[in-house]
Amino acid sequence: MEDDMNETSNDNGRRPARPRLLVVGAGVAGQSIVREIQRDGLPAEPVAFIDDDRELHGTEVCGLPVLGGSDELERIAAEVGAEEVLLAIPSSGGRLIRRLVIQCKRAELPFRIVPGLRDIILGDVNFEQIRDVEPDHLLGRESVDFQDEAARDVVSGRRVMVTGAGGSIGGELCRRLLSLAPSQLILLGRGENSLFEIQSELEPRRGTTELVTVVADVRDRERLAVLSGRLQPELILHAAAHKHVPLMEENPEEAVLVNIGGTANLIEFSRRVGAERFVMISTDKAVS
16 MEDDMNETSN
26 DNGRRPARPR
36 LLVVGAGVAG
46 QSIVREIQRD
56 GLPAEPVAFI
66 DDDRELHGTE
76 VCGLPVLGGS
86 DELERIAAEV
96 GAEEVLLAIP
106 SSGGRLIRRL
116 VIQCKRAELP
126 FRIVPGLRDI
136 ILGDVNFEQI
146 RDVEPDHLLG
156 RESVDFQDEA
166 ARDVVSGRRV
176 MVTGAGGSIG
186 GELCRRLLSL
196 APSQLILLGR
206 GENSLFEIQS
216 ELEPRRGTTE
226 LVTVVADVRD
236 RERLAVLSGR
246 LQPELILHAA
256 AHKHVPLMEE
266 NPEEAVLVNI
276 GGTANLIEFS
286 RRVGAERFVM
296 ISTDKAVS
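Shown next as C-alpha cells:
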C-alpha cells in the first residue's frame, strides 16, 4: 500500500481530448463542475456519478446516473468505460481520499480533485480549479494558503446565515463555517428534527460563535420579512432547495415554489438586511 501512496497523481500516457469522466460525489461541488462542463462544452464528458448517499443510488443528478458508492469505483468505472476520475468530495477526510486513490491506481485511471469547501464559500468552484491530488489531500488536511485566508477574511467575526441548515449540504457547510469563527451562525431550515440535530452537534464546539436556530420556510415571504427585523446576517449561503431532479420533474409546482420562489424570497431578505454577500450553493435553486 505504501507504494500506492508514494505518488499523488496517475499519468498513464496521453489524456484523451474529451475523457469519459466518472465523478465521485454528487453534491454541490460535483454538480457545479458537471453543469459547467455541460453548459460550456468543456473538454470532458461526464458519464456517471458515484456517491455514498444510498438514497441517491438509482437516481439521476444533472442528467447522469448515480450508480453506487465509493467502494464500487473500480467496477463502475469499467462498466461505464471511464477514462478519468474526478474526486468531487471537498469535505471528505484523508482516509477516503487515500482509498479512492488506491482504487484509481489499481484501475489505471487518471484522477484529479476539486477545490475545498472554502472555495464553495467564496463562490469559486469551476472547471479550471480541478487539480492533481496532493499530499495534503491524502493526509486529510487543507493547505494554509491564500484561499484559506480569503475564506477566513470573509467569515471570521461576521454574522453568517445558512439556509437548509438541516440538510446534508447545509449541515456540512455549518460544520466547516464554524471552524472559521463567525461571530454568529444562523441555522435556518423548515425541519425541526434535522435542525435540532445539527444544533446539538455544533453547540459543544461553537467556541465564541453565537448559534441561532430558526425554524422557517424560505417559501414564506411574510415570515422572512418578520425575521429581517431581528436577524442581520452579513453573509448568506443559500442551500435550501429540492435537489432530486427526476422527482421534481414529477412535481414541478413544488420545485418552482421552493427552488425559484424560495430563492427570490431570500434575495429580497438579503436586500432588507443589507447582506454583503449572497452565495447560491447550487444552480438547482434557479432552475430545476
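Each residue of the sequence shown is one higher than the one before, counting from 16 in my numbering.
For glycine and all other residues, C-beta sits at the position ideal for the given N, C-alpha and C.
What you are looking at is a predicted structure, and each value in this text was computed from that prediction instead of being measured.
How about residue 293 and residue 239: are their beta carbons less than 8 Å apart? Sequence index remark: in the sequence shown, residue 293 carries index 278 (1-based). Sequence index remark: in the sequence shown, residue 239 carries index 224 (1-based). Contact: no.
Who are the near neighbours of residue 209 in its chain, counting only those whose CB is closer than 6 Å to its CB and skipping five residues on each side? Here the question's residue 209 lines up with position 194 in the sequence shown. Here the set comprises 181.
Hey, how far is the Cα of residue 178 from the Cα of residue 60? Taking the sequence shown and counting its residues from 1, the one referred to as residue 178 is at position 163. Taking the sequence shown and counting its residues from 1, the one referred to as residue 60 is at position 45. Straight-line Cα distance between these residues: approximately 32 Å.
What did DSSP end up calling residue 155 once you bin it into helix, strand or coil? Along the sequence shown, read from residue 1 onward, the residue named residue 155 stands at position 140. Since pLDDT at residue 155 reaches only 42, below the 50 mark, its modelled position is unreliable, and the value read off the structure follows with that caveat. Residue 155: coil per DSSP, three-state reduction.
In this structure, does DSSP put residue 225 in helix, strand or coil? Your numbering for residue 225 matches position 210 in the sequence shown. The answer is strand: DSSP assigns residue 225 an E or B state.
Could you give the DSSP three-state label for residue 170: helix, strand or coil? Residue mapping note: residue 170 aligns to position 155 of the sequence shown, counting from 1. Correct three-state label for residue 170: helix.
Secondary structure of residue 84, DSSP reduced to three states: Walking along the sequence shown from the start, residue 84 turns up at place 69. In the structure shown, residue 84 sits in coil (DSSP, three-state: anything other than H, G, I, E or B).
Which whole-angstrom value is the C-beta distance of residue 102 and residue 81, which I expect to be below 8 Å? Taking the sequence shown and counting its residues from 1, one reaches residue 102 at position 87. Taking the sequence shown and counting its residues from 1, one reaches residue 81 at position 66. Wrong, their Cβ atoms sit about 16 Å apart, outside the cutoff.
Can you give the beta carbon distance from residue 173 to residue 249, rounded, assuming they're within the 8 Å contact cut? Along the sequence shown, read from residue 1 onward, the residue named residue 173 stands at position 158. Along the sequence shown, read from residue 1 onward, the residue named residue 249 stands at position 234. Sure, about 5 Å apart at Cβ, within 8 Å.
Flag this pair as yes or no: are the beta carbons of residue 65 and residue 83 separated by less than 8 Å? The count along the sequence shown starts at 1 and reaches residue 65 at position 50. The count along the sequence shown starts at 1 and reaches residue 83 at position 68. Result yes, Cβ atoms of residue 65 and residue 83 sit closer than 8 Å.
Residue 277 to residue 234, Cα distance in whole Å? Indexing the sequence shown from 1 puts residue 277 at position 262. Indexing the sequence shown from 1 puts residue 234 at position 219. Taking the straight line from one Cα to the other gives about 5 Å.
For a test of the three-state rule: what should DSSP assign to residue 204, helix, strand or coil? The count along the sequence shown starts at 1 and reaches residue 204 at position 189. Here residue 204 sits in strand by DSSP.
Could you compute how far the alpha carbon of residue 115 sits from the alpha carbon of residue 89? The count along the sequence shown starts at 1 and reaches residue 115 at position 100. The count along the sequence shown starts at 1 and reaches residue 89 at position 74. Those two C-alpha atoms are separated by around 9 Å.
Between which two residues does the alpha helix (DSSP H) containing residue 292 stretch? Working through the sequence shown from its first residue, we reach residue 292 at position 277. Premise fails: residue 292 lies in the beta strand (DSSP E), 292-295, not in any alpha helix (DSSP H).
In three-state terms, what does DSSP make of residue 209? Here the question's residue 209 lines up with position 194 in the sequence shown. Looking at residue 209 - three-state DSSP - the assignment turns out to be helix.
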